[in-house]
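Step one of this worksheet: look at the structure below.
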Amino acid sequence: MSPQIDEYGETLRHAIDEAMPHLLAAGQELLSAFRAFVAALEEGADHDGPRPVERIGVD
C-alpha cells in the first residue's frame with residue numbers, strides 16, 4: 619500500500635479508538651433510558667391516554 623493510504627488508515631484507527639468509549643457510553647445511556655421507558659409503560663404510568671401531538675415551529 620502507499621504511505622498515504624497507510625497514514626489515512628492510521629488516522630481512522632486513531633479516531634475510532636478515541637470515539638469508541640464515548641459511543642459506548644452514549645449507547646448505554648440510550649439503553650438505560652429505553653428500559654426506563656418500557657418499565658413505565660409496563661407499570662401503566664400513562665393512565666390519561668395518548669397526549670396530543672404538538673407542532674413545534676412547523677408552518
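Residue numbers for the sequence shown follow the working numbering, so the first one is 619 and each next one is one higher.
The beta-carbon is built from N, C-alpha and C at its ideal position, and this holds for glycine as well.
Measure the alpha-carbon distance for residue i versus residue j and round it to whole angstroms.
{"i": "HIS640", "j": "LEU649", "result": "14 Å"}
{"i": "GLU661", "j": "ARG631", "result": "44 Å"}
{"i": "PHE655", "j": "ALA637", "result": "27 Å"}
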